[in-house]
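These notes concern the structure reproduced below.
Numbering (my numbering), first residue to last: 6 to 307.
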């Protein structure tokens, strides 16, 4: 009898049994580990972004379209606002370049070339920094527009101050052009003439009193340059306000969702969800209107 062979066979069977047992116990452990591993936290976020992209593309129809717009209403509002702000940053470049050109022309026409160029440069740098900060901080577009209006009001005030300083500097030169001795002589002659003509002047004043002009009318009549400057400033203000309002409307409209699709089959459910959706939009629009400053209210006194 081969005792050694029998012993080896028993040993092999024992080892094989242990290996099979270990292998059988490893599979449930690995399966359990796979089951308890949570999915990535960003899965829901990625899914939301996917739904929003499909809504923006007009993929859903009927009740599904309205329900998803309700479910993702806040996210859609945020995405639309951010897209409008990003589009405004790029689209506004042409507007501010044109403003710089208009400021240069206004400065040359009214003798403010140096001041207008400097003010235009400062304004351009200020707006550039403002837009960069708004993008980094995701500032609402309505707030950015309000800040731009404030900067533009300050620009108009600075231009008005520069022109007033230029006009004031010209007045002393006209007064100093008269020789002091000649001026004293003219004053003496004027005093003598006024004493001789006083009765006649009093009578004339009484007859012509109703035709006196106000100080403002006299100032405009005596200084046509001031009138022209004020007109140009008013035209510049109106142009910028209208252009900024138009640009705001364009970028906002471009960021809106496609029109709602028509109901398919279940008209009652569609009408129910549509009413909810419209009420949500009404509240959102009312809130935005309260927080947004009107674009045409620039506080510059021209």
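Don't be surprised by glycine CBs; every beta carbon is placed ideally from N, CA and C. Small disclaimer: the values here were computed from a predicted structure and weren't measured.
Cβ distance (whole Å) where residue i is taken to contact residue j below 8 Å
i, j, result
"residue 276", "residue 92", "About 34 Å; that fails the 8 Å criterion."
"residue 262", "residue 73", "Incorrect: roughly 11 Å between the Cβ atoms, too far for contact."
"residue 266", "residue 66", "4 Å"
For residue i, the first and last residue of its enclosing alpha helix (DSSP H)
i, result
"residue 88", "78-114"
"residue 228", "Note, residue 228: premise wrong, no alpha helix (DSSP H); not H, not E."
"residue 118", "118-142"
Cβ pair residue i, residue j closer than 9 Å
i, j, result
"residue 68", "residue 274", "yes"
"residue 104", "residue 245", "yes"
"residue 241", "residue 107", "yes"
"residue 149", "residue 160", "no"
"residue 172", "residue 237", "no"
"residue 168", "residue 124", "no"
"residue 234", "residue 115", "yes"
"residue 146", "residue 117", "no"
Chain-order list of residues whose beta-carbon lies under 7 Å from that of residue i (same chain, five-residue window excluded)
i, result
"residue 122", "109, 112"
"residue 155", "none"
"residue 56", "73, 77"
"residue 129", "101, 105"
"residue 53", "77, 80"
"residue 282", "71, 74, 75"
"residue 271", "68"
"residue 289", "82"
Sequence-distant residues of its chain with Cβ nearer than 8 Å to residue i (five each side left out)
i, result
"residue 119", "112"
"residue 153", "132, 135, 249"
"residue 140", "90, 91, 94"
Sequence-distant residues of the same chain with beta carbon closer than 6 Å to residue i, five excluded per side
i, result
"residue 137", "none"
"residue 268", "67, 275"
"residue 287", "none"
"residue 285", "78"
Any C-beta of chain B under 9 Å from that of residue i
i, result
"residue 98", "Looking at the structure shown, chain B is missing, and only one protein chain is on hand."
Item to check | Contact between the segment 81-92 and the segment 243-263 (3+ Cβ pairs under 8 Å) | outcome: yes
Checklist entry - On the three-pair Cβ rule with 8 Å, is the segment 58-69 touching the segment 94-112? => result no
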